[in-house]
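Inspection log for the structure reproduced underneath, given as structure tokens.
Residue numbers (the working numbering): 4 to 648.
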């Protein structure tokens, strides 16, 4: 800077002193003295310190004082002087016991420390300006769009919309001029032996600036105790923010921090690498502490998917660490946090098995409908299988840990590299997750089989099993991930089971009714026994009424299954009834005899069958019966008139 070029001019009224040397002349003399001094052995007497060196130290001391009072910037001449002061201090130190050197040594040493103090202060000031610049950029344009975060499953969007973001170009918020100044300061401090002070300032302030940025993005400071006490609804929102902000750190912020660090410490790549690693480690540790605290919270089923989201986010960090200047210890810490989340996820998922085992409710679901346990379990499994690859990895890690093959802190291969051993027949072995999934579904089947026995009506028992079995099958077929995990063989077996339930229902509901239409016992010596025939019609009408009255209140929720049942019933009952009616109706006496015993025509029965399994309320059911009875009475009146004619 100009102040380092020469001293201020003297007052013309005073006695004019001897002309002063310019800074360039002084520096030339200092350089010659430094060369002479460096060639002098320490066990010899040092050369006499010339006046030019004393003048140089005086110039430096005066202008350092001005820098203190005016906070002036340092130009290139300042750094040129620093180099000479540092060399003087270093060479003087070799003769520090010599009386001629003691005073110049003290002056140069003091000037050097003073200069470093000024540089350190300016370095800190520029670094700290990053916070001010980011705040100023955030508030300068209210129309600036904020970085929005979209949480998975659409939860807590109202919370995240209030969490501020920053524009892509705002971080780290230093101008090129500021970065150039910091580069000169850092280069000077490190080259002159003040690396520790420079790095300490950078680490401390950049950590603060980075944490300030995370606070703005919405990452809250929470202790383990805070996380443990937090309601799940609130914690879920914090996890969503954690995922979004951590992803932003590793995709955007860390790369910019590395670029900044490389620019400031361009002359010292190893220092740059170490400093970036320190900042990245400190910032990531804040995220990992939260992840570990979350993994230690009380486990519950609804937490599984957020735990897996966090697990996946940490997994995505590892390749970034492998390809950048992150410390190796950081990878181990990430794997440790992943392991905690993975074990928690395994425990939560496995708890579904225990909850099914513990479900001993004895109250049957009305109308044979799908049981709430079935709906809950299958919907849960469907969402879980959307994380199939992650759960495969989690259960594989868990299996290795149980077998003792995984060392502490050892990071397993990424999800995409999971390989399965083959059986002797060449087919892939069932994965641990697939095995757990099959265990849960088998347990659900056993539980439903047990619950079906609480129905007194065997036919309703089969309807219940069909409803739940069909629901399970459709849920599995409707999810590509679940279907692939369970396998085609299971689906084939389940389809066979459903056919057996269908046959069981038909046997229990309609076999006795169909016996009424049997020809056996109606003919004696080739003649129809009329009283037996009349009794058969009465029994058929009574049983059909009872079946309709009962089974129209039953529910078959799957429309396809409902249609299949109705079609199969019609295919068995209506042809048999039409044949029986055509063969024996004429054997009844005309008029009232026919009206009394032939209550239904085939189309009436078809209509009744089409009203089964709708869960029709009693009032509506009575209206249907009244409608059919009215038609029957009308038909009787018509038949009566025909009889008279």
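We put the beta carbon where it would ideally sit given N, CA and C, even for glycine.
Residue 177 to residue 185 span [Cα, whole Å]: Roughly 10 Å between the two C-alpha positions.
Beta-bridge partners of residue 558, as assigned by DSSP: BP columns for residue 558 point to 617.
Could you please give me the residues that DSSP links to residue 531 through a beta bridge? Here residue 531 is bridged, per DSSP, to 526.
Am I right that residue 352 and residue 439 are in contact with their C-beta atoms under 8 Å? What's the rounded C-beta distance? About 7 Å; that satisfies the 8 Å criterion.
If you check the beta carbons only, do residue 458 and residue 511 fall under 8 Å apart? No, these two residues do not count as a Cβ contact at 8 Å.
Give the range of the alpha helix (DSSP H) segment to which residue 439 is assigned. Membership of residue 439 in the alpha helix (DSSP H) is indicated by the continuous run 435–455.
Quick one: give me the first and last residue of the alpha helix (DSSP H) that residue 396 is part of. In the DSSP assignment, residue 396 falls within the alpha helix (DSSP H) that extends over 391–406.
I believe residue 387 touches residue 347 by the beta-carbon criterion, under 8 Å. Please report the beta-carbon distance rounded to the nearest angstrom. Taking C-beta atoms under 8 Å as the contact rule, residue 387 and residue 347 fail to qualify, at a distance of about 14 Å.
CA-to-CA distance, residue 585 to residue 467, given in whole angstroms: About 36 Å.
May I ask you to report which of helix, strand or coil DSSP gives residue 284? Helix.
Taking residue 363 as the reference, give the member of 451, 614, 617 and 214 with the closest Cα. The shortest Cα separation from residue 363 among 451, 614, 617 and 214 belongs to 451.
If you draw a straight line from the alpha carbon of residue 446 to that of residue 360, how long is it in whole angstroms? If you take the alpha carbons of residue 446 and residue 360, they lie about 7 Å apart.
Which word fits residue 296, buried or exposed, when buried means at least 16 other C-beta atoms lie within 10 angstroms of its C-beta? Burial check for residue 296: the Cβ neighbour count within 10 Å reaches 16 or more, so the residue is buried.
Quick check: the region 236–243 against the region 189–201, are there 3 or more CB pairs under 8 Å? With the cut-off at 8 Å, the region 236–243 and the region 189–201 do not touch.
Per-residue burial, residue 114 [other beta carbons within 10 Å of its own, 16 or more giving buried]: Residue 114 should be labelled buried.
Since I believe residue 462 is in contact with residue 508 (beta carbons under 8 Å), could you give me their beta-carbon distance rounded to a whole number of angstroms? 5 Å between Cβ atoms; contact.
Selection from 369, 367 and 283 that minimises the alpha carbon distance to residue 337: Nearest C-alpha to residue 337: 283.
For residue 279 and residue 261, the rounded distance between their alpha carbons: Taking the straight line joining both Cα atoms gives about 6 Å.
Buried or exposed, going by whether 16 or more other CB atoms sit within 10 Å of the CB of residue 322? Exposed: under 16 other Cβ atoms inside 10 Å.
May I have the straight-line CA-CA distance separating residue 350 from residue 269, to the nearest angstrom? Their Cα atoms are separated by approximately 49 Å.
Straight-line gap, residue 477 to residue 133 (C-alpha atoms, nearest Å): Going from the Cα of residue 477 to the Cα of residue 133 covers about 57 Å.
Buried or exposed for residue 374, going by 16 or more other Cβ atoms inside 10 Å? Answer is buried; the Cβ neighbour count reaches 16.
Round the Cβ separation of residue 600 and residue 541 to the nearest angstrom and send it over; I've been treating them as touching at under 8 Å. Confirmed, about 6 Å.
Just the Cα atoms here: how many angstroms apart are residue 404 and residue 435? Straight across, the Cα-Cα distance linking residue 404 with residue 435 is about 13 Å.
Please list the terminal residues of the continuous alpha helix (DSSP H) segment that includes residue 268. Residue 268 -> no alpha helix (DSSP H), and no H or E assigned at all.
Three-state secondary structure (DSSP) of residue 233: It is coil, neither helix nor strand.
Give a yes or no on whether the C-beta atoms belonging to residue 529 and residue 504 are separated by under 8 Å. Remark: C-beta atoms of residue 529 and residue 504 do not approach each other more closely than 8 Å.
DSSP three-state call for residue 32: helix, strand or coil? Looking at residue 32 - three-state DSSP - the assignment turns out to be helix.
At least 3 beta-carbon pairs within less than 8 Å: the region 91–109 vs the region 118–126: Of all C-beta pairs linking the region 91–109 to the region 118–126, fewer than three are shorter than 8 Å, placing the two stretches out of contact.
Helix, strand or coil: which one does DSSP assign to residue 590? Correct three-state label for residue 590: helix.
How is residue 49 classed by DSSP in three states: helix, strand or coil? Here residue 49 sits in coil by DSSP.
Identify, in the order they occur along the chain, each residue of the same chain with its Cβ nearer than 6 Å to the Cβ of residue 318, setting aside the five sequence neighbours on each side. Close CB contacts of residue 318 within its chain, under the 6 Å cut and outside five residues either way in sequence, are absent.
Collapsed DSSP secondary structure at residue 494 in the structure displayed: In this structure, DSSP gives residue 494 a helical state, which the three-state scheme calls helix.
The alpha helix (DSSP H) that contains residue 472, what's its start and end? It spans 461–480 - the alpha helix (DSSP H) in which residue 472 sits, taken as one unbroken run.
CA nearest to the CA of residue 577, picked from 548, 63 and 608: Residue 577 has its Cα closest to that of 608, out of 548, 63 and 608.
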